[in-house]
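Peer 1: Got a structure here, written out as structure tokens. Questions coming.
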Amino acid sequence: MKEVILTPLAEEAKPTAPKPIIDLGEEIPQPNTEKAVKEAGKSEPKAKPSGGEPGVKQQSLISVNVNKLDLLLDLVGELVISEAMVTRHPELEGLPLDNFHKAARQLRKITNELQDLVMSIRMVPLAATFQKMHRIVRDMSRKLGKEVHLKVVGEETEVDKNIIEHISDPLMHLIRNAMDHGIETAEERRRKNKPAYGTVTLEAKSAGSDVLIEVRDDGRGLNRERILEKAKQNGLLTKDEAELSDRDVFGFILLPGFSTKEEVTEFSGRGVGMDVVVKEIHEIGGTVLIDSTPDVGTVFTLKIPLTLAIIDGITVRVGKAKYSVPTTSIRESFQIKAEDLITDPDGNEMIMIRGQCYPVLRLHQLFNVQTHVTRIDEGVIVMVENNEKGLCLFVDELLGEQQVVVKALPKYIKKVRGIAGCTLLGDGSISLILDVPGLIQMMTA
């Protein structure tokens with residue numbers, strides 16, 4: 327039988343720890359003293375709640391070497407090529423392989439998802455690069471005696487890690503150029519009913535498979551006549567003045583050694599800043615556009631690809647050679663009649679499409695490829711565009727669309743104008759990737 331005895335304490339009596347008589351068949355530990363509780367609190371750290379503080383999101387991050395990400399991207403690229411070589415093998419053509427094609431579609435789906443995941447891992451926001459420009463604006467404002475505010479928009483836009491390393495210097499040169507050449511002094515701005523301080527806007531936004539980075543200022547704009555006169559002095563004009571658009575004239579400032587400053591200063595006059603911009607942007611397959619309005623401002627637009635590794639391309643055949651044209655550069659493809667071809671007095675071939683003339687480039691003549699398709703009505707016209715300029719490529723036939731992994735040409739192979747790289751196709755053959763901006767510049771210069 328179990329028995330419990332309770333003893334009441336007198337109110338005046340000093341409380342003491344009673345010794346209860348508890349017969350439950352087991353020992354009951356005595357309560358800890360205050361000192362023991364403090365020591366226990368020191369020895370046992372408080373456990374953090376697993377969910378964290380309410381309303382606060384915790385992120386688990388891990389640092390990974392960039393070289394490992396590059397290797398992973400290369401392996402995914404090889405996987406894309408291998409998948410194409412298996413699912414599009416020439417020996418499978420015409421065979422009733424319904425189950426195989428079903429499995430191939432599933433493999434292609436998983437490969438695309440893996441590729442998108444790897445690409446997203448390599449994406450880095452532009453915030454860190456944009457924030458560096460605040461110091462440049464502050465330093466130049468102090469040295470030039472101009473009050474300039476920098477406005478940043480879209481800094482959360484992400485681009486590939488390899489690309490972000492090439493745009494820091496171009497942005498720095500564009501901002502310095504805008505502050506030195508574009509932004510007026512406070513007195514001049516007041517005379518034009520403008521705020522005493524100038525504003526330089528740095529904006530990034532996504533546009534399909536490209537990223538557009540704009541550097542805008544609200545300054546005096548570009549002086550078309552002055553740039554044209556300087557281009558004449560340097561012998562840069564290749565066309566009649568009447569044929570040059572504003573964008574063509576503004577493009578002269580991007581040429582090496584070109585500067586409208588009469589004297590060399592710390593920030594300008596040497597003609598090297600804008601040359602660096604073009605060189606760096608062209609290395610990553612991007613382009614530079616310039617628009618300007620007098621007393622309103624100037625806009626420099628950098629159009630750069632999201633990634634340099636894997637692109638969507640249309641494979642074309644010229645003789646026994648195969649070429650890949652980036653899908654983003656293609657406007658349309660069609661066939662024409664022989665009487666639609668126009669030849670100017672210099673022997674240049676052109677096509678009139680919707681009231682506008684476009685030059686025709688025969689790839690078999692450019693790359694000296696032997697082919698039996700030489701009549702304009704026997705082949706296919708592929709119209710490509712870049713910077714609002716168009717070009718018609720004459721090829722034998724279209725072979726289809728395919729994701730291609732861009733491989734740089736080996737150093738021992740001489741750089742050929744019009745070729746941006748190479749890739750492996752599904753049948754194991756090599757396809758050269760066309761440099762559309764280079765071809766258009768070559769035909770329209």
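To convert, count from 1 in the sequence shown and add 326; that's our numbering.
Heads up, the beta-carbon is just placed ideally off N, CA and C, and yes, glycines get one too.
Computed from a predicted model, the values in this text were never measured in an experiment.
(1) Rounded C-beta distance between G577 and I616? I'm assuming under 8 Å.
(2) Cβ of V478 within 8 Å of Cβ of Y523?
(3) Cβ of I656 within 8 Å of Cβ of I677?
(4) List the whole-angstrom C-beta distance separating D495 from R546, where the pair is believed to meet the contact cut-off of C-beta under 8 Å.
(5) Just to confirm before moving on: does the CB-CB distance between K648 and S757 stay below 8 Å?
(6) Counting only runs of 4+ residues fully inside the stretch 563-649, write out the alpha helix (DSSP H) ranges in chain order.
(7) Locate the beta strand (DSSP E) running through I702, then write down its first and last residues.
(8) Mapping DSSP to helix, strand and coil, what is H415?
(9) What is the residue span of the alpha helix (DSSP H) that I677 lies within?
(10) For the alpha helix (DSSP H) containing D495, list its first residue and its last residue.
(11) Assign I509 to one of three DSSP states: helix, strand, or coil.
(12) Going by the CB atoms, is the gap between A512 and E482 shorter than 8 Å?
(13) In terms of alpha-carbon separation, which member of I766, L421, T564 and V730 lies closest to I759?
(14) For K435 and Q457, I'd like the C-alpha separation in whole angstroms.
(15) Check T483 in the structure and name its three-state DSSP category.
(16) Identify the residues that DSSP records as bridge partners of P652: which are they?
(17) Alpha carbon to alpha carbon, what distance is there between E514 and N503?
(18) Which one or two residues does DSSP pair with F660 in a beta bridge?
(19) Below 8 Å between beta carbons: does that hold for V762 and G747?
(20) In this structure, how does DSSP classify K364 when only helix, strand and coil are distinguished?
(21) Taking the continuous beta strand (DSSP E) assigned at T333, which residues delimit it?
(22) Under 8 Å: do the stretch 395-413 and the stretch 626-640 share three or more Cβ pairs, one atom per stretch?
(23) Return the Cβ separation of F693 and I707 in integer angstroms, given the expectation that the two are a contact with Cβ distance under 8 Å.
Peer 2: Taking the structure as given:
(1) In the sequence shown, counting from the first residue as 1, residue 577 sits at position 251. In the sequence shown, counting from the first residue as 1, residue 616 sits at position 290. Between I616 and G577 the Cβ distance is about 6 Å, and since that is below 8 Å, they are a contact.
(2) What you label residue 478 is simply residue 152 of the sequence shown in a count that begins at 1. What you label residue 523 is simply residue 197 of the sequence shown in a count that begins at 1. In this structure, the beta-carbon distance from V478 to Y523 does not fall below 8 Å.
(3) As a first step, residue 656 must be located in the sequence shown, where it is residue number 330. As a first step, residue 677 must be located in the sequence shown, where it is residue number 351. For I656 and I677, no; Cβs fall outside 8 Å.
(4) Residue numbering aside, residue 495 sits at position 169 when the sequence shown is read from its first letter. Residue numbering aside, residue 546 sits at position 220 when the sequence shown is read from its first letter. With 8 Å as the limit, D495 and R546 do not qualify as a contact, their Cβ atoms being about 25 Å apart.
(5) Position 322 of the sequence shown, counting from 1, holds the residue named residue 648. Position 431 of the sequence shown, counting from 1, holds the residue named residue 757. Yes, Cβ-Cβ distance for K648 and S757 is below 8 Å.
(6) 572-576 and 599-609
(7) Working through the sequence shown from its first residue, we reach residue 702 at position 376. That residue, I702, is in no beta strand (DSSP E); it is neither H nor E in DSSP.
(8) Taking the sequence shown and counting its residues from 1, one reaches residue 415 at position 89. In the structure shown, H415 sits in coil (DSSP, three-state: anything other than H, G, I, E or B).
(9) Working through the sequence shown from its first residue, we reach residue 677 at position 351. Premise fails: I677 lies in the beta strand (DSSP E), E675 to I679, not in any alpha helix (DSSP H).
(10) The residue given as residue 495 occupies position 169 in the sequence shown. Counting along the chain, the alpha helix (DSSP H) containing D495 begins and ends at S494 to N503.
(11) One-based indexing of the sequence shown puts residue 509 at position 183. Assigned with DSSP and collapsed to three states, I509 falls in coil, not helix or strand.
(12) Taking the first residue of the sequence shown as position 1, residue 482 is located at position 156. Taking the first residue of the sequence shown as position 1, residue 512 is located at position 186. Result no, Cβ atoms of E482 and A512 do not sit closer than 8 Å.
(13) Within the sequence shown, numbered from 1, the residue matching residue 759 stands at position 433. Answer by Cα proximity: V730.
(14) By one-based count along the sequence shown, residue 435 stands at place 109. By one-based count along the sequence shown, residue 457 stands at place 131. Approximately 38 Å between the Cα atoms of the pair.
(15) By 1-based counting over the sequence shown, the position of residue 483 is 157. T483 falls in the coil class under three-state DSSP.
(16) Within the sequence shown, numbered from 1, the residue matching residue 652 stands at position 326. According to DSSP, which records beta bridges pairwise, P652 is partnered with G639.
(17) Looking up residue 503 in the sequence shown gives position 177. Looking up residue 514 in the sequence shown gives position 188. Taking the straight line joining both Cα atoms gives about 18 Å.
(18) As a position in the sequence shown, residue 660 is number 334, starting the count at 1. DSSP output for F660 lists I707 as bridge partner(s).
(19) Here the question's residue 762 lines up with position 436 in the sequence shown. Here the question's residue 747 lines up with position 421 in the sequence shown. No. Outside cutoff.
(20) By one-based count along the sequence shown, residue 364 stands at place 38. Residue placement at K364 is poorly supported in this model, since its pLDDT is 46, which falls under 50; the coordinates are not used for a value here.
(21) Taking the first residue of the sequence shown as position 1, residue 333 is located at position 7. It is not in any beta strand (DSSP E) - T333 carries neither H nor E in the DSSP assignment.
(22) yes
(23) The residue labelled residue 693 in the question sits at position 367 within the sequence shown. The residue labelled residue 707 in the question sits at position 381 within the sequence shown. Not really, about 17 Å apart at Cβ, beyond 8 Å.
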